[in-house]
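In this note's numbering, the protein residues as written are 47 to 493.
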Amino acid sequence: MGNISLKFDKTFDFISKESVYAYADEIKKHSEALYNKTGKGNDFLGWVNLPTSISEAELADYEATAKSLQAKNIDIFVVVGIGGSYLGAKAVLDALSDGFAHLKGSKMPHVIFAGQNISEDYLYELRELLKTKEYAMAVISKSGTTTEPALAFRLLKQDIEDKYGKDEAKSRIVAVTDESRGALRKLATIEGYKTYVIPDDVGGRYSVLTPVGLVAIAVAGFDIRALVQGAVDMEKATGPEVAFENNMAAQYAAVRNELYRSGKLVEIMVNYNPKLHFVAEWWKQLYGESEGKEGKGIFPASVDFTSDLHSMGQYIQEGERKLFETVISVASPDREVRIPTDPENLDGLNFLAGKRVDEVNKMAELGTMIAHVDGGVPNMQIELPKLNEYYLGQLIYFFEIACGISGYILNVNPFDQPGVEAYKKNMFALLEKPGFEAETKAIKARL
Ligand code: PA5
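Laid out in structure tokens, this is it:
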């Protein structure tokens with residue numbers, strides 16, 4: 047089957063190999079703390095052994111739900127959620143889907159997201175679309191109280207009930223939330239929706255391999271067993287007993303922390319395939335929320351190359367020298383497109399005739415890596431043999447476990463997000479939410 051792999055020799059102009067390997071003992075301790083649940087945030091470590099603990103019955107249940115929704119001949123599956131209740135599924139679905147499936151009329155339901163913003167235009171346009179389509183819905187919120195998805199669901203619940211009647215609507219809605227707490231749990235119980243539980247000890251951004259991600263991925267027709275198997279294999283390949291030289295999660299955590307200590311404050315996740323755009327968005331949430339606290343943390347950024355070589359490429363080559371890049375590279379594309387010969391050769395491209403488009407892309411990738419390293423930007427590469435469920439499962443778990451280790455190296459709690467509350471408090475105060483009277487008065491005095 048093969049494995050995804052990590053190369054980091056293109057950082058050695060900036061940090062030494064010895065300095066990276068010097069993290070080995072410390073990382074073993076952090077890794078043990080994650081496994082033994084003795085480190086910071088230890089009540090949120092359910093994701094560490096999650097892949098190997100997913101049961102056959104759970105997978106069969108998600109697949110049965112997917113089949114019963116597909117049997118309703120739905121065109122669209124709307125997933126209502128934000129943050130960790132949105133980005134994991136979006137990342138996997140975009141990575142695996144034909145980028146034009148929605149225009150080609152695929153047999154499988156197309157997954158569309160809602161509740162990941164508060165845009166009135168977005169909700170208006172989505173609701174107009176749904177009037178003309180067959181659809182079903184998942185509403186996902188661990189806390190069950192997040193404003194964005196709650197607001198979107200209030201609107202979409204009324205629409206789906208108006209369209210299909212209350213009883214049929216009920217059979218088209220799946221709720222994924224906490225076992226007992228939160229407004230969504232209460233609502234789902236009263237309405238009698240099919241529900242799935244997000245384990246107490248798995249935080250939002252580590253939850254893609256729970257029903258939060260797996261139900262939508264199954265509804266879209268992808269192989270959740272292969273995805274989970276990839277994660278299982280990566281769980282085994284990155285445990286505390288795996289030596290540093292064979293442990294790519296330990297190496298990635300060490301390299302990025304050593305670069306950070308050397309003054310590289312921004313990590314740019316790079317892809318050369320637009321299908322990976324949302325893998326980087328998911329990674330940004332995972333690392334940004336886990337590490338950015340107490341005045342510390344690498345700033346996670348992302349670019350889509352080669353598109354962004356014609357915009358951000360200039361800055362990366364010659365701007366502030368505080369950057370490093372991590373490239374997600376896919377060894378073989380799924381499809382083959384060869385460049386034709388043109389007898390006129392007016393575009394001067396006959397030197398490429400007969401080559402695959404991917405060969406050009408790979409030379410752009412190699413040329414960019416050399417140029418950026420020459421320009422002062424250290425480079426790591428994560429290579430996936432192919433873009434499929436199995437290797438995405440490996441990639442997801444790799445990033446998660448490396449994030450836990452990396453957060454412990456920084457000496458922060460990688461499993462909380464206290465900073466997210468600040469905007470909520472101000473928003474509720476400005477909206478005059480009951481219970482926020484004092485905050486409303488205080489914030490209004492500042493306007
Ligand atoms: O990682 C996290 O915990 C957060 O980003 C949450 O996923 C996000 O805030 C959504 O929360 P909830 O699922 O409770 O609606």
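The C-beta atom is built at its ideal place from N, Cα and C for all residues, glycine as well.
When the five nearest sequence neighbours on each side are left out, the beta carbons in the same chain lying within less than 7 Å of the beta carbon of A326 are those of M315, N317 and S348, in order along the chain. Taking 7 Å as the cut-off, the C-beta of T192 counts as close to a heavy atom of the ligand PA5. If you check the C-beta of G309 against the ligand PA5, you find no heavy atom less than 7 Å away.
Boundaries of the alpha helix (DSSP H) harbouring K136: L133 to L142, taken from the DSSP string. If you check the CB distance, E313 and T372 come in under 8 Å. If you draw a 10 Å sphere on the C-beta of N303, you find 16 or more other C-beta atoms in it, and that means buried.
Rounded to whole angstroms, the Cβ separation of D121 and E214 is 16 Å, and the two are not in contact under 8 Å.
With contacts defined by Cβ atoms closer than 8 Å, R231 and G259 do not form a contacting pair. Taken through DSSP and simplified to helix, strand or coil, Y67 comes out as helix.
Non-local beta-carbon contacts of L430 in its own chain, meaning distances under 6 Å to residues more than five positions away in sequence, involve I50, V376 and Y437 in chain order. In this structure, the CA atom of G276 is about 16 Å from the CA atom of L52. Secondary structure at L493: coil, using DSSP grouped into helix, strand and coil. In the DSSP annotation of this structure, the continuous segment of the alpha helix (DSSP H) that includes Q297 starts and ends at M294 to R307. Annotation: Y239 to V124 spans about 15 Å, alpha carbon to alpha carbon.
Fully contained in the region 382-452 are the following beta strand (DSSP E) runs of length 3 or more, in chain order: 425-430. Counting only the Cα atoms, G267 lies some 27 Å from L201. Spatial neighbours of E446 in its own chain (CB-CB distance under 8 Å, excluding positions within 5 residues in sequence) are listed in chain order as W93, Y252 and L332. Residue pairing for Y242: DSSP places it in a beta bridge opposite V222. Proximity of the beta carbon of R227 to the ligand PA5 is not indicated: no heavy atom of the ligand is located closer than 7 Å. Taking every protein chain shown into account, the CB of Q204 has fewer than 16 other CB atoms within 10 angstroms, so this residue is exposed. Distances taken from the Cβ of V383 to the heavy atoms of the ligand PA5 include none shorter than 7 Å. V248 has its Cβ no nearer than 7 Å to any heavy atom of the ligand PA5. Secondary structure note for T235: its alpha helix (DSSP H) is the uninterrupted segment A229 to E237. Here DSSP, grouped into helix, strand and coil, assigns E371 to strand. Not a single heavy atom of the ligand PA5 lies less than 7 Å from the C-beta of S452. A272 is a Cβ neighbour of G439, given a cutoff of 8 Å. For Y168, the closest of N95, I263 and E194 by C-alpha to C-alpha distance is E194. The beta carbon of F444 lies closer than 6 Å to those of M280 and A295 in the same chain, with the five residues before and after it left out.
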